[in-house]
Structure formats: C-alpha cells, structure tokens
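A.B. asks:
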Amino acid sequence: MATHAEEDGEPAGVLALLGEAPEGLRPPAGWRLIDNPSADAPALRSTSAGRRALLLAPGASADAAAALLDGPIGYAAPMLGSHETLRARLDAELEALTSEALADGLAEVAPILRALAQWPDARDSLEPQAMGALAYAQARDRRIEPHWAPERRQAMRYPGLFGVPSARRLLDALAADGLLERAHAHRLHRCSQCGGSRLNAAEHCPHCHAAYLQDERLIHHYACGMQGPQSDFGERGAMRCPKCGKRPRHFGVDYDSPGVIPVCGVCGEQADPPNVVFTCMDCARETPGDGAQTVDWFAYAVTEEGLAALRAGRRPRLKVEDAFEPIAQSRSFKEFGQLLLHDLDVAGRYDRPIAIVRGKLDSADALIREHGREQVAEAFRLLAELTGEALRESDLLAVSEDAVLIAMPETTSENARRVLDRLNDQVLDKIAIDLSFSTTVMDREGAEAFLAERGLRPARHAATGPDVESAGGDG
1 MATHAEEDGE PAGVLALLGE APEGLRPPAG WRLIDNPSAD APALRSTSAG
51 RRALLLAPGA SADAAAALLD GPIGYAAPML GSHETLRARL DAELEALTSE
101 ALADGLAEVA PILRALAQWP DARDSLEPQA MGALAYAQAR DRRIEPHWAP
151 ERRQAMRYPG LFGVPSARRL LDALAADGLL ERAHAHRLHR CSQCGGSRLN
201 AAEHCPHCHA AYLQDERLIH HYACGMQGPQ SDFGERGAMR CPKCGKRPRH
251 FGVDYDSPGV IPVCGVCGEQ ADPPNVVFTC MDCARETPGD GAQTVDWFAY
301 AVTEEGLAAL RAGRRPRLKV EDAFEPIAQS RSFKEFGQLL LHDLDVAGRY
351 DRPIAIVRGK LDSADALIRE HGREQVAEAF RLLAELTGEA LRESDLLAVS
401 EDAVLIAMPE TTSENARRVL DRLNDQVLDK IAIDLSFSTT VMDREGAEAF
451 LAERGLRPAR HAATGPDVES AGGDG
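Going by my numbering, the first residue of the sequence shown is number 1, and it counts up by one from there.
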C-alpha cells in the first residue's frame with residue numbers, strides 16, 4: 001500500500017533495518033522499512049541521500065552496519081536506534097523502539113537529511129570515502145572528534161566515520177588538501193614494540209626497577225642540614241639524626257618537614273626522581289618514559305574549500321603538474337615555448353641536435369578509481385622525482401594536466417630514447433602502479449612542427465659549417 005508521500009508524488013524515504021524490530025512497528029508517513037537491506041540494495045541505491053537512513057534494532061550487527069555504510073547507505077547517512085557499540089555514531093538514540101519513538105527520531109535527524117539533499121550523492125563520487133567524511137561533518141555542523149576506544153590497540157577511534165577503513169589517514173589527507181581544518185585533541189604514547197597505545201604508566205625505582213614505591217615524609221634537621229626520609233630518622237618522638245647523631249625534638253625549632261619523598265619498598269633506597277616506565281597491555285613490552293614515542297589525535301572541521309568540494313561532488317582534481325612543480329627544470333607552458341624557440345634557433349644556427357620528448361599519462365581520475373588517490377599522488381611524486389634526477393640543468397620541462405614536454409638541447413633523438421629507457425626502468429622498479437605513460441621523441445623538425453601548430457615559429461638560419469664552435473656535445 002502506498003504511503004501518503006508516495007500518493008503525493010514524493011519519493012518515499014527508506015529505513016534500512018538491522019536487527020529484530022518489535023511487532024507492529026510502523027514508520028511514519030513518507031517512510032518505508034527495508035528489513036533485509038543487504039538483499040534489497042538496489043532500492044537503497046536508487047534512493048537519494050536526503051531520503052535514506054539506517055535503523056538499528058535489538059540484535060543489530062555492527063559488521064552489517066559497516067557494510068551498509070560502505071555500500072548502498074553511504075557513510076554520511078543518519079543512524080537511529082539503540083546499540084551499545086555504535087552509540088557514539090547514533091544521530092538519534094531511541095530508548096524504546098516504538099512507532100512514536102521512530103517518528104520522533106526521524107524528526108530529529110531531518111536537518112541532517114535536508115543538508116545531505118543539497119549536495120551530490122557521496123556514494124556516486126570518485127572518492128565516496130572522502131566525500132562521505134566531508135558530508136558527515138558538514139551535515140551535522142560539528143567536528144569529527146576522536147573518542148576513547150580501549151578495545152582497540154590504538155586506544156582511540158573516530159566513531160563518526162564508522163565503516164571507513166583507515167579513517168585517521170583519510171582525515172589527515174583531507175586536511176593536507178585544505179578541505180578540513182584540524183585542532184589538537186589528544187596526545188598518546190606508543191609502545192616501542194607493537195606501536196599500540198594501551199599502556200600502563202608506572203614509577204619505578206631507579207636502583208632495583210621495582211614499582212613498589214611509597215611516599216615518606218622528608219625531614220630537614222636544622223643543626224647539620226641533613227635531609228632524608230622519616231625512616232632514616234626513626235619514629236617521631238624518638239628521632240635521631242643519621243648524620244650528626246643528635247635528637248631533633250621540636251618541630252619548627254630543631255627540624256621541619258618540607259614535603260614527601262618516594263622510597264622503594266623493596267630495596268629501601270630513595271627513588272627521587274623515579275623512572276617512569278610504560279608497560280604495554282598487548283605485548284607486555286616495557287618502554288622507558290623518556291624515550292617513548294607519541295602520537296597526536298586531532299578533531300577535524302570542514303573548511304570553505306571542503307564545502308566547495310561537497311557542492312562540486314569531488315575533491316580538487318589531482319594534477320600531475322603539482323608534483324613536477326618543485327623540479328628546477330620545470331617551466332610554465334608559455335615560458336617553455338619561448339625558451340624552446342631560443343633553443344631551436346641556436347640548434348638551427350649551428351646545426352646542433354635537439355630532442356623534444358612528448359609524454360602522455362593516463363587520466364588521473366581513472367587511476368584514482370582503480371588505485372585510490374593517495375597511491376596515485378605518491379606515484380606522481382615518484383615520477384617527478386625520477387624525471388628530475390634524469391634531466392640535466394640545461395633541459396626544460398613543462399607539464400599540464402596529463403601532458404609532459406621535455407626539451408633536451410644538444411641531444412640526438414637516439415640519446416633521448418636511451419634516457420627514456422633508463423627512466424622507464426626506474427619507473428617500473430619504484431612505482432607500484434601502471435601509469436600507462438606513452439612517449440614520443442621528436443627531432444628539430446618535429447619540434448618546429450609541434451610549435452607551429454601552436455602559432456610559434458623559430459627563426460630560420462643556415463648552418464654556419466664545421467668551423468663554428470659547438471655549444472657542446474651530444475647529451
């Protein structure tokens with residue numbers, strides 16, 4: 001039977017139900033329950049972001065919830081119901097799952113759904129995890145905060161991004177792109193063996209390494225200046241100074257007590273200062289406090305650039321030219337053309353060789369779909385680094401989108417191909433993904449034709465003959 005919303009021509013919202021719903025549970029008008037969401041994924045996928053939510057009933061599986069968020073529901077979808085493990089992820093907690101409580105919960109998450117309806121669906125983007133993280137934070141108008149998670153080796157997690165693998169790494173990448181702004185939240189220590197942060201901190205005796213330390217009153221004897229724990233002086237009322245042998249009798253006249261001092265209950269030595277040691281609860285390895293590494297956890301908020309990415313439905317394009325920009329030989333396309341005209345003029349004047357390499361990369365978007373943004377960005381960085389190492393100071397480089405141009409003065413086409421072969425071997429050895437990088441090598445005439453297509457023509461000079469000194473040998 002059609003709901004009221006369907007009768008009015010509005011698309012019905014869908015509630016993906018996990019667990020056992022009580023008998024007689026009915027969603028409000030405009031919503032329908034899908035009690036087997038894994039089997040009815042097409043219905044979820046065909047529903048817009050502003051009309052789908054996840055309902056957790058008693059017995060709901062956290063793994064099943066993660067699979068739905070990673071699939072047809074999407075990471076940013078609101079979550080309602082009751083679940084001890086996923087409590088921090090719930091947008092509306094329902095103490096009792098009744099029809100009335102469900103209607104109230106959907107009203108509570110309505111602002112989130114309205115916000116999600118404004119932007120392109122994160123599930124359909126090139127990077128659903130990245131867009132889902134931005135949409136989650138912006139739709140709720142709050143930061144993505146780390147929470148304590150004693151069940152995890154890292155001792156913290158981001159419950160808002162439940163279902164997102166490597167959420168911390170993703171958030172840092174978005175912050176590096178300027179899409180998120182981070183604020184420091186916690187600093188944890190790490191085990192030197194396993195890297196976990198479930199550590200017990202304890203003070204240990206610097207003499208025998210025992211952790212059985214006790215505080216004793218510190219006694220200061222005025223007559224001789226002796227300072228030591230109460231046990232060295234004996235019981236109060238019968239104290240004797242271990243240094244001068246006199247009996248301090250009156251507090252404030254013969255002695256005072258400026259504080260307390262730790263004393264080892266095993267060897268009896270003063271433990272001032274004690275050694276702080278972290279013992280890992282996972283691998284039992286001890287890590288000295290003064291040498292323990294730390295890890296910082298941050299809270300993340302969406303920036304204006306992040307909001308622009310949400311509206312566009314994608315992160316800023318990954319540009320290969322950004323990776324090549326730091327290389328010394330790199331030039332803008334305009335500057336490259338002007339300098340190449342000069343090099344071609346010199347080559348024509350003195351009849352010297354020059355080689356132009358034109359390369360083409362596969363689409364960055366296609367590579368991201370297959371390998372992920374971070375791996376592609378690292379591949380571009382390595383390609384730029386290897387290319388920079390292969391070039392001479394006199395060579396020129398220009399990169400735009402997926403095109404790469406290299407001008408190699410005083411280099412024959414054959415020598416340019418040898419450079420490319422060596423570079424290709426290094427690329428295959430050090431870069432894990434196939435960039436499908438195709439190259440062609442042009443001689444002087446090919447380079448002139450290439451420039452002519454772009455309205456640039458070098459001056460024509462007759463060769464001056466063998467008596468003219470060359471600018472240098474073949475590269």
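Ideal Cβ positions, reconstructed from N, Cα and C, are used throughout, including at glycine.
Which of helix, strand or coil does DSSP assign to residue 90?
C.D. replies: Along the sequence shown, read from residue 1 onward, the residue named residue 90 stands at position 90. Coil.
A.B. asks: How far does the beta strand (DSSP E) with residue 478 in it extend, from its first residue to its last?
C.D. replies: Lying before the first or after the last residue shown, residue 478 is absent from the chain, which here runs from 1 to 475.
A.B. asks: Which residues does DSSP list as the beta-bridge partners of residue 55?
C.D. replies: Within the sequence shown, residue 55 is the residue found at index 55, counting from 1. According to DSSP, residue 55 bridges with 17, 80.
A.B. asks: Excluding the 5 residues flanking residue 305 on each side, which residues of the same chain have their C-beta closer than 8 Å to its C-beta?
C.D. replies: Reading the sequence shown from its first residue, position 305 is the one you call residue 305. 177, 178, 179, 316, listed in sequence order.
A.B. asks: From the DSSP output, in three-state form, read off residue 433 for me.
C.D. replies: As a first step, residue 433 must be located in the sequence shown, where it is residue number 433. Residue state, collapsed to three classes: coil.
A.B. asks: Helix or strand or just coil, what does DSSP make of residue 243?
C.D. replies: In the sequence shown, the residue the question calls residue 243 occupies position 243. Residue state, collapsed to three classes: coil.
A.B. asks: Helix, strand or coil for residue 378 per DSSP?
C.D. replies: For the purposes of this step, residue 378 is identified with residue 378 of the sequence shown, where counting begins at 1. Three-state DSSP puts residue 378 in a helix.
A.B. asks: Is residue 294 helix, strand or coil by DSSP?
C.D. replies: Walking along the sequence shown from the start, residue 294 turns up at place 294. Three-state result, residue 294: strand.
A.B. asks: How is the beta strand (DSSP E) around residue 112 delimited, first residue to last?
C.D. replies: In the sequence shown, the residue the question calls residue 112 occupies position 112. Per DSSP, residue 112 belongs to no beta strand (DSSP E); it is in the alpha helix (DSSP H), 110-116.
A.B. asks: Could you pull the start and end residues of the beta strand (DSSP E) that residue 371 belongs to?
C.D. replies: Along the sequence shown, read from residue 1 onward, the residue named residue 371 stands at position 371. Per DSSP, residue 371 belongs to no beta strand (DSSP E); it is in the alpha helix (DSSP H), 364-371.
A.B. asks: On the DSSP letters alone, give me the boundaries of the beta strand (DSSP E) that residue 214 sits inside.
C.D. replies: As a position in the sequence shown, residue 214 is number 214, starting the count at 1. Element bounds for residue 214: 213-221.
A.B. asks: Under a three-way DSSP split, which group does residue 473 fall into?
C.D. replies: For this step, residue 473 is matched to residue 473 along the sequence shown. Note that residue 473 scores a pLDDT of 32, beneath 50, so its modelled location is shaky and nothing firm can be said.
A.B. asks: Relative to the alpha-carbon of residue 148, which residue among 328, 117, 88 has its alpha-carbon at the smallest distance?
C.D. replies: The residue given as residue 148 occupies position 148 in the sequence shown. Comparing Cα-Cα distances from residue 148 to each of 328, 117, 88, the minimum goes to 88.
A.B. asks: Considering only the beta carbon of each residue, do residue 286 and residue 295 sit closer than 8 Å?
C.D. replies: Reading the sequence shown from its first residue, position 286 is the one you call residue 286. Reading the sequence shown from its first residue, position 295 is the one you call residue 295. Contact flag unset, no.
A.B. asks: Could you name the residues that DSSP lists as bridge partners for residue 438?
C.D. replies: The sequence position of residue 438 within the sequence shown is 438, counting from 1. According to DSSP, residue 438 bridges with 360.
A.B. asks: Per DSSP, what kind of secondary structure is residue 228 in: helix, strand or coil?
C.D. replies: Residue mapping note: residue 228 aligns to position 228 of the sequence shown, counting from 1. Note: residue 228 maps to strand in three-state DSSP.
A.B. asks: Spell out a yes or no on whether the segment 77-95 and the segment 49-69 are touching, meaning 3 or more CB-CB pairs, one atom from each, closer than 8 Å.
C.D. replies: Touching, yes, given that three or more Cβ pairs across the two stretches are closer than 8 Å.
A.B. asks: In chain order, what residues of the same chain lie with their CB nearer than 7 Å to the CB of residue 206, ignoring the 5 residues before and after it?
C.D. replies: As a position in the sequence shown, residue 206 is number 206, starting the count at 1. Excluding residues within five positions, the ones whose Cβ falls inside 7 Å are 271, 274, 275.
A.B. asks: Ends of the alpha helix (DSSP H) at residue 342?
C.D. replies: Here residue 342 is taken as the residue at index 342 of the sequence shown, counted from 1. Element bounds for residue 342: 333-350.
A.B. asks: Do residue 329 and residue 391 come within 8 Å of each other at the CB atom, strictly closer than that value?
C.D. replies: Locating residue 391 in the sequence shown gives position 391, counting from the first residue. Locating residue 329 in the sequence shown gives position 329, counting from the first residue. Yes, the pair counts as a contact, with Cβ atoms nearer than the cut-off.
A.B. asks: What are the boundary residues of the beta strand (DSSP E) that includes residue 75?
C.D. replies: As a first step, residue 75 is located in the sequence shown; it is residue number 75 there, counting from the start. Per DSSP, residue 75 belongs to no beta strand (DSSP E) and is neither H nor E.
A.B. asks: With the cut-off set at 8 Å, would you say residue 75 and residue 158 are in Cβ contact?
C.D. replies: On the sequence shown, position 75 is the one that residue 75 refers to. On the sequence shown, position 158 is the one that residue 158 refers to. The answer is no: Cβ separation not under 8 Å.
A.B. asks: Whole angstroms is fine: what's the gap from residue 333's alpha carbon to residue 413's?
C.D. replies: For the purposes of this step, residue 333 is taken as the residue at position 333 of the sequence shown. For the purposes of this step, residue 413 is taken as the residue at position 413 of the sequence shown. Cα to Cα, the separation comes out at about 22 Å.
A.B. asks: Can you give the beta carbon distance from residue 281 to residue 213, rounded, assuming they're within the 8 Å contact cut?
C.D. replies: Here the question's residue 281 lines up with position 281 in the sequence shown. Here the question's residue 213 lines up with position 213 in the sequence shown. Not quite, the Cβ-Cβ distance comes to about 21 Å (not below 8 Å), so this is no contact.
A.B. asks: Just to confirm before moving on: does the CB-CB distance between residue 409 and residue 449 stay below 8 Å?
C.D. replies: For this step, residue 409 is matched to residue 409 along the sequence shown. For this step, residue 449 is matched to residue 449 along the sequence shown. Result no, Cβ atoms of residue 409 and residue 449 do not sit closer than 8 Å.
A.B. asks: Quick one: residues in its chain with C-beta nearer than 8 Å to the C-beta of residue 99, no 5 flanking neighbours on either side, listed in chain order?
C.D. replies: Here residue 99 refers to the residue found at position 99 of the sequence shown. Cβ within range, chain order: 24, 25, 26, 27, 28.
A.B. asks: Measuring only the C-alpha atoms, how far is residue 6 from residue 46?
C.D. replies: As a working mapping, residue 6 is identified with position 6 in the sequence shown. As a working mapping, residue 46 is identified with position 46 in the sequence shown. At residue 6, the pLDDT of 43 sits below 50, so the modelled position is not reliable; the number obtained from the coordinates is stated separately. Going by the C-alpha atoms only, they are around 15 Å apart.
A.B. asks: Quick check: residue 49 and residue 134, are their CB atoms within less than 8 Å of each other?
C.D. replies: Here residue 49 refers to the residue found at position 49 when the sequence shown is read from its first residue. Here residue 134 refers to the residue found at position 134 when the sequence shown is read from its first residue. No.
A.B. asks: Per DSSP, what kind of secondary structure is residue 397 in: helix, strand or coil?
C.D. replies: As a working mapping, residue 397 is identified with position 397 in the sequence shown. Note: residue 397 maps to strand in three-state DSSP.
A.B. asks: Kindly indicate which three-state DSSP category residue 260 falls into: helix, strand or coil?
C.D. replies: On the sequence shown, position 260 is the one that residue 260 refers to. Looking at residue 260 - three-state DSSP - the assignment turns out to be strand.
A.B. asks: State yes or no: is the C-beta of residue 94 within less than 8 Å of the C-beta of residue 22?
C.D. replies: Taking the first residue of the sequence shown as position 1, residue 94 is located at position 94. Taking the first residue of the sequence shown as position 1, residue 22 is located at position 22. Not a contact, by the Cβ cut-off of 8 Å.
A.B. asks: Taking the DSSP output, what are the residues bridged to residue 403?
C.D. replies: For the purposes of this step, residue 403 is taken as residue 403 along the sequence shown, with counting starting at 1. Partner(s): 360, 400.
A.B. asks: Alpha carbon to alpha carbon, how far is residue 208 from residue 239? Give it in angstroms, no decimals.
C.D. replies: Along the sequence shown, read from residue 1 onward, the residue named residue 239 stands at position 239. Along the sequence shown, read from residue 1 onward, the residue named residue 208 stands at position 208. Distance between the alpha carbons of residue 239 and residue 208 is about 28 Å.
A.B. asks: Can you tell me which residues form a DSSP beta bridge with residue 148?
C.D. replies: Stepping through the sequence shown from its first residue, residue 148 is reached at position 148. Paired residue(s): 156.
A.B. asks: Nearest to residue 395 by CA position, among 363, 451, 336, 171, is which residue?
C.D. replies: For this step, residue 395 is matched to residue 395 along the sequence shown. When only C-alpha atoms are compared, the closest one is 336.
A.B. asks: Could you have a look at residue 129 and say whether DSSP puts it in helix, strand or coil?
C.D. replies: What you label residue 129 is simply residue 129 of the sequence shown in a count that begins at 1. If DSSP states are grouped into helix, strand and coil, residue 129 belongs with the helices.
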